[in-house]
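Data first, discussion second: the structure below is written as structure tokens.
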Amino acid sequence: MDLDRLRGFVETAREKSFTRAAEKLFLTQPAVSLQVKALEDELGEDLFERRGKQILLTEAGRLLFARAEAILEMAEQIRQDMAALVQLRTGRLSIGTSDTNCAYVLPPAVKAFRQAYPGIEIRLTDRMSPEVVRLVLEGAVDFGLATLPVTEPRVLTRPLFIREDVAISSPTHRLASVKTVDLHALADCAMLMLERGSTSRGLMDRMFAAAGLQPHVIMELGSIEVIKRFVEIGLGIAVVPEVSVRDEVRSGRLTAIRVTGLPARQVGVVRREGGRLSRAAAAYMRFLEMHLETIGLRIQEGEGRGVPE
């Protein structure tokens, strides 16, 4: 059913005049008459009863008038809602990523984005990288930030920044005075590690295994913040993202130590193949890229499918 025809009908019913309805709609009187006639032909019912110069609604016209007003109001609301969405006055943004990114990478961009678009509701879902990929595939998040490479071929990935890991110790630990250690030195120490299933834990396990070493893991934890706290009080050492310990190293509460052979890793955007970023998600990505440099992370370029390691 054509909305212009409905508008012509509704204005004619309100004004009880084709001429006045035409003036309200900035149309000619014959154009409005044709709209009403086309609507009557479509419905197979007369909508107006003409009594001399006066026009009145028929029973069918009264029924349609009530419905048509509601339809036109709904159509206008949809138009306004779409305009608000396009202009980012309203909407939702859902991101899946690790607690490290939530705590140390995203905040500056989230703050700036909220200031620019206060009507956008933001939801951050904290998961390990494999779970982030699953959320992306299920459509539960607009996009994810995950450690690359991703092994799922049904997603597209784009490297975003380089993440470097460091060993950390308390200032009183025997390794605190050295600048660089190797895996053998780490294996000789009590270690705190993330739970199995995380990308970071998987990397460390593979590196120790390749070197024929068995690390002395005294505790497995699900949070880098908790790991940092236990290291700070002297329970052992750990390997964590460098960006996560900058404040503690600066204040002297922790010591950061480079690990020989520990590769820097890419963190990238993960989205469904064939899917499009929402306007809010695309806008947020621009804010994120702009703010990565403010926290000293190197931006990467390029996009590809998830591929096996």
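Under our numbering, the sequence shown is numbered contiguously, ending at residue 311.
From the three backbone atoms N, C-alpha and C, an ideal C-beta is built for every residue, glycine too.
Going by C-alpha distance, which of the options is nearest residue i?
i, options, result
"residue 257", "296, 231, 130, 153", "231"
"residue 214", "152, 227, 189", "189"
"residue 27", "19, 35, 38, 13", "13"
"residue 251", "45, 205, 168", "168"
"residue 45", "216, 120, 246, 4", "4"
"residue 141", "95, 91, 294", "95"
"residue 33", "19, 10, 249", "10"
"residue 176", "68, 259, 116, 19", "259"
"residue 54", "248, 19, 67, 172", "19"
"residue 237", "116, 100, 172, 253", "172"
"residue 249", "112, 297, 22", "297"
"residue 187", "133, 210, 112", "210"
"residue 216", "196, 191, 81, 235", "191"
"residue 295", "116, 111, 174", "111"
"residue 67", "22, 17, 101", "17"
"residue 102", "23, 196, 82, 72", "196"
"residue 291", "163, 204, 120", "163"
"residue 235", "174, 25, 23", "174"
On the premise that residue j lies in contact with residue i, defined as a C-beta separation below 8 Å, what is that separation, rounded to the nearest angstrom?
i, j, result
"residue 15", "residue 65", "Not really, about 12 Å apart at Cβ, beyond 8 Å."
"residue 29", "residue 70", "Between residue 70 and residue 29 the Cβ distance is about 17 Å, and since that is not below 8 Å, they are no contact."
"residue 293", "residue 114", "6 Å"
"residue 194", "residue 245", "About 18 Å separates the two Cβ atoms, so there is no contact after all."
"residue 109", "residue 268", "Going by Cβ atoms, the distance from residue 109 to residue 268 rounds to 21 Å, so no, they are not a contact pair."
"residue 47", "residue 62", "4 Å"
Measure the CB-CB distance between residue i and residue j and report whether it falls below 9 Å.
i, j, result
"residue 107", "residue 279", "no"
"residue 149", "residue 165", "yes"
"residue 283", "residue 170", "no"
"residue 1", "residue 229", "Limits of the chain in this structure are 3 at one end and 311 at the other, which puts residue 1 out of reach."
"residue 270", "residue 152", "yes"
"residue 93", "residue 57", "no"
"residue 131", "residue 200", "yes"
"residue 281", "residue 90", "yes"
"residue 99", "residue 36", "no"
"residue 184", "residue 198", "no"
Are the C-beta of residue i and some C-beta of chain C separated by less than 9 Å?
i, result
"residue 232", "Protein chain content of the structure displayed is limited to a single chain, and chain C is not contained in it."
key: Meets three-Cβ-pair contact criterion under 8 Å: the stretch 281-300 and the stretch 219-235   = no
request  = Enumerate, from N- to C-terminal direction, the unbroken alpha helix (DSSP H) stretches of 4 or more residues contained entirely within the stretch 197-244.
outcome  = 201-212, 226-234
query = Taking the runs of the beta strand (DSSP E) that are 3 residues or longer, which of them lie wholly in the stretch 34-60?
reply = 50-53, 56-59
ask   = Hey, is the stretch 72-84 in contact with the stretch 27-41, meaning 3+ C-beta pairs nearer than 8 Å?
value = no
request  = Go through the stretch 76-143 residue by residue and report every complete run of the alpha helix (DSSP H) that reaches 4 residues or more, in order.
outcome  = 101-106, 109-118, 131-140
request  = Could you tell me whether the stretch 134-144 touches the stretch 236-251, using the rule of 3 or more Cβ pairs below 8 Å?
outcome  = no
message = Whether or not the stretch 142-157 and the stretch 260-278 are in contact is what I'm after, with contact meaning three or more pairs of Cβ atoms, one per stretch, closer than 8 Å; do they touch?
response = yes
query = Unbroken alpha helix (DSSP H) runs of length 4 or more, entirely within the stretch 244-280: which are they?
reply = 248-253
task = Could you tell me whether the stretch 117-127 touches the stretch 250-268, where touching means 3 or more Cβ pairs closer than 8 Å?
result = no
key: Any alpha helix (DSSP H) of 4 or more consecutive residues that is wholly inside the stretch 143-196   = 185-189
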